[in-house]
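Novice: Under the working numbering, residues 24 to 154 are what the sequence shown spells out, in order. Got a structure here, written out as structure tokens. Questions coming.
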Amino acid sequence: MKRLLAACAVIVGIAAVIIPSFSNANAEARWRLDFDPGDFTYVVVGPNNGTGRVQYYLPYTLKNDSADELAPAIRLEVRTETKKTFGDHYSARAYKAIAKDLKKKSVSSTFQLRSKKLATGATAEGSAHFG
């Protein structure tokens with residue numbers, strides 16, 4: 024896991040939405056979800072005596088630039104230089120530490136953002152936790 028932070032945070036898959044096949048004449052009708060990643064970093068979760076576990080995370084912002092309201096169907100993964108892949112997952116303890124690190128009252132997980140519709144022009148902030 025030490026190498027995870029030093030690794031390139033390659034986002035293996037972001038399936039923002041399923042984009043139906045449109046002709047060029049209907050290009051403006053496509054769904055568009057902008058993804059703006061923050062800094063890939065970590066927090067330590069657990070006892071403050073140096074025995075806590077390092078938890079890596081990526082804060083990000085989504086913006087719905089389409090003409091329709093949509094539910095973002097995103098999934099984030101990172102891959103290390105040793106070819107290990109880690110998918111985002113939820114941990115209440117980790118998200119509490121992430122919110123504190125980001126100086127926010129709470130932080131939405133990727134799962135929470137997938138369960139809501141995002142209005143046209145709206146933005147949503149979330150964080151992907153990789154353990």
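Glycine is no exception: its CB is placed at the ideal position from the N, C-alpha and C atoms.
Within the continuous alpha helix (DSSP H) that includes residue 124, where are the two ends?
Specialist: Residues 115-124.
Novice: Can you tell me which residues form a DSSP beta bridge with residue 58?
Specialist: 85.
Novice: Using a 10 Å radius around the Cβ and a threshold of 16 neighbouring Cβ atoms, would you call residue 113 buried or exposed?
Specialist: exposed
Novice: Go ahead and label residue 61 buried or exposed: buried means 16 or more other beta carbons lie within 10 angstroms of its beta carbon, across all protein chains shown.
Specialist: exposed
Novice: Do you know how far the Cα of residue 151 is from the Cα of residue 68?
Specialist: 16 Å
Novice: Could you tell me whether the Cβ atoms of residue 59 and residue 88 are closer together than 8 Å?
Specialist: No, these two residues do not count as a Cβ contact at 8 Å.
Novice: Go ahead and pull the three-state DSSP assignment for residue 133.
Specialist: helix
Novice: Where does residue 93 sit, in a helix, a strand or coil, going by DSSP?
Specialist: strand
Novice: Going by DSSP in three states, residue 109 sits in which element: helix, strand or coil?
Specialist: strand
Novice: Is the beta carbon of residue 109 sitting closer than 8 Å to the one on residue 63?
Specialist: no
Novice: Quick one: what's residue 138 bridged to in DSSP?
Specialist: Partner(s): none; residue 138 has no beta bridge.
Novice: Starting from residue 151, trace the beta strand (DSSP E) both ways and give me its first and last residue.
Specialist: 146-152
Novice: Could you check what DSSP says for residue 104 in three-state terms: helix, strand or coil?
Specialist: coil
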